[in-house]
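To convert a position in the first sequence, counted from 1, into our numbering, add 1.
Inspection log for the structure reproduced underneath, given as structure tokens.
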Amino acid sequence: MKRKLEDIYYRLLERFSYQSWWPADSKDEMVIGALLTQNTSWNNVEIAITNMKRENLCSLEKIFKADCEVLKKCIKPAGFFNQKASYLKNIAEFFVKNGSFNKLDMFDNATLRKKLLSVKGVGKETADSILLYAFNRAVFVVDAYTRRLVERHNLLKEISYDNIQHLFESNLKKDSSLFGEYHALIVKNAKVFCKTKPLCYNCPILGI
DNA sequence: CACCAGGAATGTA
DNA sequence: TACATTCATGGT
Numbered sequence: 002m003k004r005k006l007e008d009i010y011y012r013l014l015e016r017f018s019y020q021s022w023w024p025a026d027s028k029d030e031m032v033i034g035a036l037l038t039q040n041t042s043w044n045n046v047e048i049a050i051t052n053m054k055r056e057n058l059c060s061l062e063k064i065f066k067a068d069c070e071v072l073k074k075c076i077k078p079a080g081f082f083n084q085k086a087s088y089l090k091n092i093a094e095f096f097v098k099n100g101s102f103n104k105l106d107m108f109d110n111a112t113l114r115k116k117l118l119s120v121k122g123v124g125k126e127t128a129d130s131i132l133l134y135a136f137n138r139a140v141f142v143v144d145a146y147t148r149r150l151v152e153r154h155n156l157l158k159e160i161s162y163d164n165i166q167h168l169f170e171s172n173l174k175k176d177s178s179l180f181g182e183y184h185a186l187i188v189k190n191a192k193v194f195c196k197t198k199p200l201c202y203n204c205p206i207l208g209i
């Protein structure tokens, strides 16, 4: 299994090269993007983030103090703007009241993950994305594409978030850079080959 | 026009 | 625990 997961990784890497995720100018922006991209195309998230930068709202401190209506207007292109505005407020409050990244970095992976999951609007994938890309923790992010990949290759009998995450984490070197690239490559591959084929049929890289 | 996108919360059984 | 529904915009 270890060999199989490494093979998939190197095939993706050879085709697409390093992605250097997460695409953001700051850790704050990373967290903001993680929430906005929930079930939403990255293209729409970029529009929303551009709007937030124009309104000087692209930081957790600013969001914490921002007017909700202005925030909603900015993130409207990213969809679910009513929910996401309140979710952004929640995560912003969480970081502001917990001393931001420096203080939160004192906690181990499991503890920090629980704290993030306690924020309304932050689920497993969002929490793990933040752990990996903002805190540089060796946590594997499982998204819809990763799930498809595991399903198509029959890598697991029981498909669940926790099982998929354990599959990657226990068979690869626990390296945040590796995990970050792997997840980014899976998404990159999906964007290129799954545009008109949602289930990744005929993907020339992975043979699925 | 239908379908989907780098999900999560809530309700039901 | 396991599904179904809701949230909403923009691209294909």
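The beta carbon of each residue, even a glycine, is placed where N, CA and C say it ideally should be.
- Taking a cut-off of 8 Å for Cβ pairs, the region 95-106 and the region 67-80 do not touch, as fewer than three such pairs fall below it.
- With respect to aspartate 129, glutamine 166 sits close: the two C-beta atoms are nearer than 9 Å.
- When C-beta atoms of the region 13-30 are compared with those of the region 81-92, fewer than three pairs fall below 8 Å, so the two segments do not count as touching.
- By the beta-carbon neighbour count (other beta carbons within 10 angstroms, threshold 16), lysine 3 is exposed.
- For asparagine 40, the closest alpha carbon among the candidates Gly122, Phe65, Ala111 and Lys73 is that of Gly122.
- In this structure, serine 171 keeps its C-beta atom at 9 Å or more from the C-beta atom of alanine 139.
- Around the beta carbon of threonine 147, 16 or more other beta carbons lie within 10 angstroms, which makes this residue buried.
- Rounded to whole angstroms, the separation of the alpha carbons of glycine 181 and alanine 49 is 24 Å.
- Glycine 124 has its alpha-carbon roughly 27 Å from the corresponding atom of phenylalanine 194.
- Leaving aside the five residues that flank leucine 157 on each side, the residues in its chain whose CB is nearer than 8 Å to its CB run, in chain order, Val151, Asn164, Ile165 and Leu168.
- In chain order, Leu13, Asp144, Tyr146, Thr147 and Leu150 place their CB closer than 8 Å to the CB of isoleucine 187, counting only its own chain and leaving out the 5 sequence neighbours on each side.
- Per DSSP, the continuous alpha helix (DSSP H) segment holding leucine 13 begins and ends at 3-17.
- Rounded to whole angstroms, the separation of the alpha carbons of histidine 154 and isoleucine 92 is 36 Å.
- Less than 9 Å divides the Cβ of aspartate 29 from the Cβ of phenylalanine 96.
- Linking tryptophan 23 to alanine 35 through their CA atoms gives a straight-line distance of about 9 Å.
- Per DSSP, the unbroken alpha helix (DSSP H) holding isoleucine 50 starts and ends at 43-55.
- Within its own chain, the residues whose Cβ lies closer than 7 Å to the Cβ of serine 60, once the five positions on either side in sequence are excluded, are Asp29, listed in chain order.
- Per DSSP, reduced to three states, the secondary structure at threonine 38 is coil, with no helix or strand assignment.
- Under the three-state reduction of DSSP, serine 177 is assigned to helix.
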